[in-house]
Amino acid sequence: MTFTPYRIHFFGLAESWLGKLLGVENQANWSAAQPAPTAKVADAKWVTSAGRVLLVWVPCYTLMGYRFGPSGMALAASSLLAAVWLISLRSAFAAVHFTLGPAVRCAVGTLTGMIGVSALVLWVPGLGMSLPTILALTLSVFTLTTIWESVAQRVVGKRRVLVVGTSTCADAVADAISFEGSAPFTVVGAVDDEPEDLARLGSVAELSRVIDEQRPDLIVLTDGESSTRALDRLLDAPSGGLRVVGHAHFFDHAFGRIPLDDLKPTWFMSIFHLWQRPYTRFAKRTFDIVCATLLLVLSAPLLLVIAGLVRLSSGPVIFRQTRVGEGGKLFTIFKFRTMRRDAEEPGRPAFAALDDPRVTRIGRVLRRTHLDELPQLWDVLKGDMSIVGPRPERPEFIPMLQEAVPFFTRRLLVKPGITGWAQLRRDYASDADGAAEKLSYDLWYVRHRNLVVDLAICAKTLSSVLLRPGR
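In this note's numbering, the protein residues as written are 87 to 557.
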């Protein structure tokens, strides 16, 4: 606890220094009613990138300088090591959604960079470093880049969004930004031809004037005739660095979910698109087998302890239940039993809920720590589940959810997972509305899944279990 004031003081000094460097005295003054200092935001990106390069290169040069002395060899070796980490960090920041936070993104980039550096040490003569040295260097890079990215994210400011559509659309975007909390966006208003709109800044014919006054960083086009006319006007005028995106694609980019209200069957073409990066079954399966095997070996003593504790209450240790897997295939899921033996009446399935009264005392602890899901690693080794993916649903609920939630069964395009994007973003779904909300995140994962995304979700899951049990 004594560390907290010093940490807050350090972040405050860092933010103040970076803010003065960028000419930003107070981020709170960047309100929706005032023009945004677009040039300073652009400068901030250069400063952020330069700081990242410096903070990665310095520990590498410190180590190489100690090894070779202040020479050209030390400069070349440190630059080579720094380049590997910078490329890995850049790839991680491009692949890992920013809602996971800078710590997770830096962790994924640093770990993949560590693998590259380890390989480089073996291939390049004279770079020999021991494992403790590589680990210490990795920790330094991770710590420095995480602090820098966290401070830069808080100082640079939020991107200003102009919505072309009704005030209802603008309110929906603003509500989503407020609900997500960490999204680096703010809505300045709407452009529409309906004069009664409260958030209206002008008509489509006045779009150029509104852009000059508000200087948005991003324009969101909603479906409708006004958006079509607005796009024509934008194409006829110089872009000025503006970025234009559709409503559904904005939610995809900003919040990591697909809005079901705007979803059309043609959207699923993006999953099979020619430009879609492949995540082969072999790569996914290899990742699953390696992770499941390591976790089972490491958790073997814990499994025995949990089994003994569960056995103290009446009922079996392992709970078995039929779930729906990839392509609608039925399989048996294994979990440590967390509920009473009579938790459900025969023929009357019920959704699990947060603080479910049917949960036993030891089961409540297992659910909060997610240790009840460790036996599902066996499902992963069998090939019925994956480490990362949508949660498998019970077949009894599928007809009801399929009728109430559009495209619900499309989540069956991939294997279900022990953890997943929807599980991280939202809690238990105890009704059709909750299932629809989680589906919007599941569809985002189905579209964007790759090895880096899986690593990021696993890292975020680990931090959530350790720091926020019960989430």
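We put the beta carbon where it would ideally sit given N, CA and C, even for glycine.
Proximity of residue i and residue j at Cβ, strictly below 8 Å
| i | j | result |
| --- | --- | --- |
| Ala316 | Leu304 | no |
| Asp279 | Ser289 | yes |
| Ala68 | Leu349 | Because the chain in this structure spans residues 87 to 557, residue 68 falls outside the shown range and cannot be described. |
| Leu452 | Phe494 | no |
| Ala558 | Phe341 | The displayed coordinates of the chain run from 87 to 557. Any statement about residue 558 would go beyond what the structure contains. |
| Ile392 | Leu457 | yes |
| Val247 | Thr272 | yes |
| Leu230 | Leu287 | no |
| Phe560 | Asp513 | Residue 560 lies beyond the residue range present for the chain, which begins at 87 and ends at 557; the question has no answer from this structure. |
| Val551 | Thr446 | no |
| Leu390 | Leu463 | no |
| Ser400 | Ile448 | no |
| Leu217 | Leu206 | no |
| Met502 | Pro476 | Per the sequence shown, the amino acid found at residue 502 is Pro instead of Met. Taking 8 Å as the Cβ cut-off, Pro502 and Pro476 qualify as a contacting pair. |
| Pro156 | Gln239 | no |
| Ala168 | Cys192 | no |
| Ser313 | Val250 | yes |
| Ile404 | Phe420 | yes |
Residue i versus residue j: straight-line alpha-carbon distance, rounded
| i | j | result |
| --- | --- | --- |
| Lys415 | Glu479 | 11 Å |
| Val500 | Val144 | 43 Å |
| Glu482 | Pro387 | 35 Å |
| Thr408 | Gln509 | 20 Å |
| His183 | Asn536 | 12 Å |
| Gly199 | Ser174 | 5 Å |
| Leu487 | Leu293 | 42 Å |
| Ala62 | Asp465 | Because the chain in this structure spans residues 87 to 557, residue 62 falls outside the shown range and cannot be described. |
| Asp318 | Ile504 | 46 Å |
| Ser236 | Gly394 | 43 Å |
| Trp132 | Leu208 | 34 Å |
| Leu548 | Ala276 | 40 Å |
| Leu223 | Val330 | 41 Å |
| Tyr152 | Glu523 | 54 Å |
| Gly506 | Pro345 | 18 Å |
| Ser117 | Ala542 | For Ser117, the predicted structure reports a pLDDT of 37, less than 50, and the residue's modelled location is therefore unreliable. The matter cannot be settled from this model. |
| Arg343 | Gly158 | 49 Å |
| Pro402 | Ile375 | 27 Å |
| Ala119 | Arg176 | Any reading at Ala119 needs caution, since the residue's pLDDT is 39, under 50, leaving its predicted position unreliable; the model's value is listed next. About 34 Å. |
| Ser264 | Val296 | 23 Å |
| Leu498 | Ala369 | 19 Å |
| Met215 | Ala181 | 29 Å |
| Phe336 | Val194 | 25 Å |
| Val558 | Val210 | Any answer about residue 558 is impossible in this case: the structure gives the chain only from 87 up to 557. |
| Phe422 | Gly520 | 25 Å |
| His339 | Ala291 | 28 Å |
| Glu266 | Ala258 | 12 Å |
| Gln300 | Asp347 | 29 Å |
| Leu328 | Ser165 | 35 Å |
| Tyr365 | Arg371 | 10 Å |
| Arg367 | Phe154 | 45 Å |
| Thr134 | Tyr531 | 28 Å |
| Val491 | Tyr527 | 14 Å |
| Lys126 | Lys244 | Interpretation of Lys126 is limited by its pLDDT of 47, a score under 50 that renders its predicted location unreliable; the figure taken from the coordinates is listed afterwards. One C-alpha to the other measures close to 12 Å. |
| Leu225 | Ala162 | 22 Å |
| Met355 | Asp322 | 30 Å |
| Arg202 | Ala262 | Sequence check: residue 202 is Gly here, not Arg. Approximately 38 Å between the Cα atoms of the pair. |
Residues sharing a beta bridge with residue i, DSSP
| i | result |
| --- | --- |
| Glu479 | Val410 |
| Phe354 | Phe354 is not bridged to any residue. |
| Leu304 | Val247 and Arg329 |
| Ile543 | None, per the DSSP bridge assignment. |
| Ala276 | Val249 and Arg286 |
| Phe154 | Looking at the DSSP assignment, Phe154 forms no beta bridge with any residue, so it has no partner. |
| Ile344 | None, per the DSSP bridge assignment. |
| Phe405 | Lys421 |
| Phe271 | Arg245 |
| Leu416 | Val410 |
For residue j and residue i, believed in contact at Cβ under 8 Å, the rounded distance
| i | j | result |
| --- | --- | --- |
| Asp470 | Gly411 | 5 Å |
| Arg496 | Leu529 | 7 Å |
| Ile473 | Ala378 | 7 Å |
| Met425 | Arg444 | 5 Å |
| Thr196 | Val227 | 5 Å |
| Arg533 | Ile357 | 6 Å |
| Met150 | Ala160 | 4 Å |
3 or more residues per run - each beta strand (DSSP E) lying fully within the region 481–506
503–505
Where are the alpha helix (DSSP H) runs, 4 residues long or more, that stay fully inside the region 214–261, in chain order?
As far as the region 214–261 is concerned, its whole alpha helix (DSSP H) runs of at least 4 residues are 217–242.
Runs of alpha helix (DSSP H) lying entirely within the region 148–201, each at least 4 residues, in chain order:
Segments of the alpha helix (DSSP H) lying fully in the region 148–201: 158–181.
Completely contained alpha helix (DSSP H) runs for the region 445–478, where each covers 4 or more residues
447–455 and 462–468
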